[in-house]
Every structure is written in structure tokens, then in C-alpha cells.
Amino acid sequence: MSLIVFPAIDLKGGQVVRLAEGDMDRATVYGDDPAAQAVLFAQAGAQHLHVVDLDGSFAGHAVNAVAVEAIVEAFPGHVQLGGGIRNREAVERWFDLGVSRIVIGTAALKDPAFVKAAARDFPGGIVVAVDARDGFVATDGWAEKSDMPVIDLARRFEDAGVASLLFTDVGRDGLLKGCNIDATVDLARATDIPVIASGGVAGIADIRILSLHADEGIEGVITGRALYDGRLDLRTALAVAQAAA
Numbered sequence: 010m011s012l013i014v015f016p017a018i019d020l021k022g023g024q025v026v027r028l029a030e031g032d033m034d035r036a037t038v039y040g041d042d043p044a045a046q047a048v049l050f051a052q053a054g055a056q057h058l059h060v061v062d063l064d065g066s067f068a069g070h071a072v073n074a075v076a077v078e079a080i081v082e083a084f085p086g087h088v089q090l091g092g093g094i095r096n097r098e099a100v101e102r103w104f105d106l107g108v109s110r111i112v113i114g115t116a117a118l119k120d121p122a123f124v125k126a127a128a129r130d131f132p133g134g135i136v137v138a139v140d141a142r143d144g145f146v147a148t149d150g151w152a153e154k155s156d157m158p159v160i161d162l163a164r165r166f167e168d169a170g171v172a173s174l175l176f177t178d179v180g181r182d183g184l185l186k187g188c189n190i191d192a193t194v195d196l197a198r199a200t201d202i203p204v205i206a207s208g209g210v211a212g213i214a215d216i217r218i219l220s221l222h223a224d225e226g227i228e229g230v231i232t233g234r235a236l237y238d239g240r241l242d243l244r245t246a247l248a249v250a251q252a253a254a
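In my numbering, the protein residues as written are 10 to 254.
The structure is reproduced here in C-alpha cells:
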């Protein structure tokens, strides 16, 4: 199975942005037409897209719903959505609107029963975000650090039927420092749930290395700033991931 490359569209105030270490005050704007950006990614060959409602992550409910709906309508492939989705009503709404997978972060720590029920009722549709800061789970838009180790949160959902774990090293996100390969692979080896790598992808080397670990449970990789800054060519990344299969 080949590594899935997810180009990222992060939304703040209806614009396409990238944050540094999850800090809303350190946002770089890359465009004001998220749907057009989704089309560009599709034209480059992307079949999967990772979308985050950043404002929603802090508000606890959808803020950039209009932009997300436009992306879902414009993108012909699979849209994975996260950001402020913390109740069943929100999950059902987004699935009804055509989102393929829902990423749940804060609620995975604070309301695990809700996540397990959603995973049961929407097979293959729920992804648990494991956002790490110094080895512990970060919540509420990464603004808070819990006392739960990352591995413990992952194992909590081992038999719940979640589709994947989305592992982000918060300290690397948006900084182009390179993906935390070791921590990502360690998590994949510690659980039976497929893992998606995120945070710090700097270039094609990260894609190559992660592709080599696909048979150890690394399902995919999310990349944002490297694409927007021209450090990573999406067509090349997709080709490298496919060639390693």
C-alpha cells in the first residue's frame, strides 16, 4: 500500500493560511480562495485533501463552514476535515455534506465515549488527532497541554474502530524542520491503528523516508507550508509515494 499524501488547507477567517507551531498570531496567508486552492491540488494529482477549520479549533464549533463546503464541492477526491468537531450533530452534518473523514482531537481526550460511538456508527470515517507537545497530548487548538502521554491516548482507541491516528508534533508544525519520523514510527509500532504523519514536513526527503515505513503502519503524510513555499512539488511527492509501494 502506498503512502497517502494529503495536501493541507488550513482556514482562518476564510483564508488559506499556515501557522507556526499552531500559533494563531503567527499566520502566513497564502490565498483567499480555498476552493480554488483545492482545485489546484486536484489538478496536480491529489486524491486526498486535509482541511482544518483553525478558528473552529479554538471556538469549539464550525467557523469557516462556507469555505469548507466550497472546498468539498470543488474537490473531486476525498476530504478529511478537522477543527472544532466535538459533538455528534457536527459529525453527522459534515458527513451529510460530503466530507469523507472527520478528525477529532480535543474531544478524543475530553469525551472518548463520543469518539468511540462515532467510530462505531461511521465505520472508517473517524480519525483521532494525537497532537503532541513534548510527548504529551495538546488540546484546544494546541493551546493547552494535558498530562496524558501520546501513547496512552492512542491505545485508548485501539479497539474502537477508528480509521487512523493523525500524529502531529506541534513543536515542528509549520516550521519546515522536518517531520518527527522517529516519534511517528514509534507510535505506529505501538498500536494497530494506521498513523498519518504531520508537522514539519520540509521536502521530498520526508516523503521518501515515510514511504519506507508504510508497511509498519504509516498510512499517510500531511504537508502544507512546504507546498506553499515551493520547497515540495506535489506531483513529485505523489510519484515518490506511489513508487515506494
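Ideal Cβ placement from N, Cα and C applies to all residues, glycine included. This one's a predicted model, so the numbers in the text were calculated from it and none came from an experiment.
Kindly list the residues whose CB is nearer than 7 Å to the CB of residue i, restricted to its own chain and excluding five residues on each side of it in sequence; keep chain order.
i, result
"G133", "A172"
"T37", "V26 and R27"
"Y237", "R27 and Y39"
"G144", "P158 and V159"
"G69", "G93 and R95"
"A250", "S11, L12, V14, I216 and S220"
"R35", "L28 and A29"
"G65", "A71, V72, N73, G92 and G93"
"I213", "L241, T245, A246 and V249"
Drop a sphere of 10 angstroms on the beta-carbon of residue i, count the other beta-carbons inside from all chains shown, and report buried for 16 or more, exposed for fewer.
i, result
"R27", "buried"
"P43", "buried"
"V75", "exposed"
"L221", "exposed"
"K21", "buried"
"Q89", "buried"
"R266", "Outside the displayed range of the chain (10 to 254) lies residue 266, so it cannot be described from this structure."
"D191", "exposed"
"D140", "buried"
"T193", "buried"
"R110", "buried"
"A117", "buried"
"D178", "buried"
"G239", "exposed"
From the options, pick the residue whose C-alpha is nearest to that of residue i; which is it?
i, options, result
"I135", "A250, L20 and V100", "V100"
"T115", "L49, A55 and L63", "L63"
"V108", "L219, G86 and A246", "G86"
"A126", "F166, D161 and I202", "F166"
"A211", "G40, I205, Q89 and N189", "N189"
"A147", "G226, Q251 and L175", "L175"
"G54", "I13, G93 and M33", "I13"
"V61", "V72, A51 and Q52", "V72"
"I18", "G233, A254 and A223", "G233"
"P203", "R35, A51, A122 and A138", "A138"
"F131", "V112, L118 and K119", "V112"
"T245", "F50, A206, G23 and R35", "F50"
"G3", "K119, K186 and D201", "Because the chain spans 10 through 254 in this model, residue 3 falls outside it and cannot be assessed."
"R102", "V81, G23 and A206", "V81"
"L106", "V77, D120, K119 and P121", "V77"
So, for residue i: in the same chain, excluding its five sequence neighbours on each side, which residues have a beta-carbon less than 6 Å away from its beta-carbon?
i, result
"F15", "H57, H59, G229 and I231"
"A83", "A44, A47 and V48"
"A169", "K125 and A128"
"A253", "S220"
"L247", "V14 and G54"
"G226", "A197, P203 and V204"
"A79", "A44"
Along the chain, where does the alpha helix (DSSP H) containing residue i start, and where does it finish?
i, result
"A44", "P43 to Q52"
"I94", "Segment: none, I94 is in no alpha helix (DSSP H) and carries neither H nor E."
"S66", "L63 to A68"
"L106", "Taken as a continuous stretch (DSSP letters only), L106 belongs to no alpha helix (DSSP H), as it is neither H nor E."
"D130", "P121 to D130"
"V159", "V159 to R165"
"A255", "Absent from the structure is residue 255, since the part of the chain shown begins at 10 and ends at 254."
What residue range does the beta strand (DSSP E) around residue i cover?
i, result
"S173", "S173 to D178"
"A138", "I135 to R142"
CB-CB under 8 Å to residue i, same chain, minus the five flanking residues each way: which ones, in chain order?
i, result
"A199", "I160, A163 and R164"
"L196", "V139, V159, I160, A163, L174, F176 and V204"
"R97", "F123, A126 and A127"
Does any heavy atom of the ligand GTP sit closer than 7 Å to the C-beta of residue i?
i, result
"A74", "You won't find the ligand GTP in this model; it holds no ligand whatsoever."
Checklist entry - What residue ranges within the segment 180-249 form continuous beta strand (DSSP E) runs of no fewer than 3 residues, ordered along the chain? => result 204-207 and 227-232
Next on the checklist: So within the segment 13-38, which uninterrupted beta strand (DSSP E) runs reach at least 3 residues, ignoring any that extend past its ends?
Outcome noted: 13-21 and 24-29
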